[in-house]
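As structure tokens, the structure follows; a few thoughts come after it.
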Amino acid sequence: MSSSEPTFGTIPALEPEFPPVLSSSIREAYSLCPRKFQWEQINGYIPKEENEHLKFGSAYAAGLETYRRSYYGSKYREMSPSDRLSHSLADGVYAAIVNYGDYEPPEGSAKNYERLIGALVEYTLQYPPETDSCKPSMFQGEPRVEFSFTIEIPQVPHPVTGNPLLFSGRCDMLSEYNKGLFIFDDKTTGSLGPSWANQWRLRSQFTAYTVGAQEHGFAVVGAIIRGIAILKTKYNLAEVIVHRPPHIVAAWKERLIHDAERMVEMWHSGYWPQYGMENGGCGQYGGCSYQVLCESIQPTGYLPVYFQHARWDPIIREIR
1 MSSSEPTFGT IPALEPEFPP VLSSSIREAY SLCPRKFQWE QINGYIPKEE
51 NEHLKFGSAY AAGLETYRRS YYGSKYREMS PSDRLSHSLA DGVYAAIVNY
101 GDYEPPEGSA KNYERLIGAL VEYTLQYPPE TDSCKPSMFQ GEPRVEFSFT
151 IEIPQVPHPV TGNPLLFSGR CDMLSEYNKG LFIFDDKTTG SLGPSWANQW
201 RLRSQFTAYT VGAQEHGFAV VGAIIRGIAI LKTKYNLAEV IVHRPPHIVA
251 AWKERLIHDA ERMVEMWHSG YWPQYGMENG GCGQYGGCSY QVLCESIQPT
301 GYLPVYFQHA RWDPIIREIR
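If you count the sequence shown from 1, position 63 lands on 63 in the UniProt record's numbering, and the numbers rise without skipping.
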């Protein structure tokens, strides 16, 4: 063993567990690198340190969710449009602050507490709710925000329980636009441009949301993605509309079954290859958190230093 390998500390081992529910993020992790999927989902190790981008995005989404519920729902319906906007925005800002909590981003980061509040205000200036072309679909007087779904993956039972393997997802809103029904999702980023817009054209996440909505009886035809670039001195916003015709939906369903079958095969074999070495996954999103484990001859020594035992539940959307 190399003298540089750590030998301190232990974490009581969790039993390996095949996830009963898949999601777009879980499937993306598997496609990027099965070894990452093993560490994260099968063995149940997640990084101790919170990701500044995920934390900011979560708080921003929480703020917009509350803002939309307050504005389009019944809470302030009797108010004038201007009063309804100010009260709804205040609700959204409060929800974002609560979600952000006492998190301290890295020094110099543009994704901080003040810029979070400013981003919510900027959104309402760019897209005034009275004239916004994308309004939430309504049900019994309330907006369909934070639409969630769970569907069965056909032909692939869970390898341990034998129960149907499930797929779950949640989008920010079902939106009515140009007489059509769309998935609606907000994204935070560091920059906008052609590459940002092009990445959504065939993005599996939005095909998944389309399938989930269609399986629950909603005639969704595509997705609307609104992005906001968080810069230190300004904000940039952009909107992209993508469609999901039947042949793309059919291909997604076929691929989902294929991926689930490969996951089950790897579970039975116990071999989870490191695809990230070939496809560049090790360096994406600022670098894979599990690189330190893949580089080490004794990865268990790093587990108590950088990781904790927990698994993400895509249905309740909480760490368990």
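Glycine included, each C-beta is placed from N, C-alpha and C at the ideal position.
Buried or exposed (CB count within 10 angstroms, at least 16 for buried), residue i
| i | result |
| --- | --- |
| Asp-102 | exposed |
| Met-266 | buried |
| Lys-111 | buried |
| Ala-250 | exposed |
| Asp-83 | exposed |
| residue 328 | Coverage of the chain is limited to positions 1 through 320, which leaves residue 328 absent and any answer about it impossible. |
| Gln-199 | exposed |
| Tyr-67 | buried |
| Ser-80 | exposed |
| Tyr-271 | exposed |
| Leu-165 | buried |
| Arg-77 | exposed |
Coarse secondary structure for residue i, derived from DSSP in three states
| i | result |
| --- | --- |
| residue 325 | Look at the range of the chain in this structure, 1 to 320, and you will see that residue 325 is not part of it. |
| Gly-9 | Note on Gly-9: pLDDT 46, under 50, position unreliable in the model; the coordinate value appears next. Note: Gly-9 maps to coil in three-state DSSP. |
| Leu-166 | strand |
| Ser-88 | helix |
| Ala-219 | coil |
| Trp-200 | coil |
| Ile-117 | helix |
Supposed contact pair residue j and residue i - C-beta distance, whole angstroms, cut 8 angstroms
| i | j | result |
| --- | --- | --- |
| Gly-169 | Ser-74 | At roughly 27 angstroms, the Cβ-Cβ gap does not stay under 8 angstroms, so Gly-169 and Ser-74 are not in contact. |
| Val-145 | Glu-65 | 5 angstroms |
| Ile-247 | Gly-222 | According to the sequence provided, residue 247 is His. The question's Ile does not apply to it. Contact doesn't hold; Cβ gap of about 13 angstroms is too wide. |
| Ile-230 | Ala-119 | 6 angstroms |
| Ile-224 | Ser-175 | 6 angstroms |
| Ala-62 | Ala-90 | Their Cβ separation, rounded to whole angstroms, is 14 angstroms, which puts Ala-62 and Ala-90 out of contact at 8 angstroms. |
| residue 323 | Leu-22 | Missing from the structure shown is residue 323; the chain here goes from 1 to 320 and no further. |
| Pro-143 | Tyr-94 | Incorrect: roughly 18 angstroms between the Cβ atoms, too far for contact. |
Member of the options whose CA lies at the smallest distance from the CA of residue i
| i | options | result |
| --- | --- | --- |
| Glu-254 | Glu-17, Val-160, Pro-154, Ala-95 | Pro-154 |
| Thr-233 | Leu-116, Phe-206, Glu-52, Ala-95 | Leu-116 |
| Glu-17 | Ala-229, Tyr-76, Pro-106, Val-160 | Val-160 |
| Ile-26 | Gln-291, Gly-287, Leu-256 | Leu-256 |
| Asn-178 | Val-220, Pro-105, Gly-63, Gln-140 | Val-220 |
| Val-226 | Leu-54, Trp-39, Ile-183, Glu-295 | Note that residue 226 is Arg in the sequence shown here, rather than Val. Comparing Cα positions, the closest option is Ile-183. |
| Pro-245 | Pro-273, Gln-298, Val-211, Ser-133 | Val-211 |
| Cys-171 | Pro-157, Gly-180, Thr-207 | Thr-207 |
| Ser-133 | Gly-180, Glu-28, Trp-39, Pro-105 | Gly-180 |
| His-158 | Glu-52, Val-292, His-268, Arg-201 | His-268 |
Proximity test, residue i beta-carbon vs the ligand COA heavy atom, cut-off 7 angstroms
| i | result |
| --- | --- |
| Ser-204 | Of ligands this structure carries none, so the ligand COA is not represented either. |
Three CB pairs or more closer than 8 angstroms across the segment 213-221 and the segment 145-162: yes
Contact the segment 276-287 vs the segment 28-37: 3+ CB pairs below 8 angstroms: yes
Validate contact between the segment 191-200 and the segment 235-254 using beta carbons, cut 8 angstroms, 3 pairs: yes
Contact between the segment 301-318 and the segment 37-49 (3+ Cβ pairs under 8 angstroms): yes
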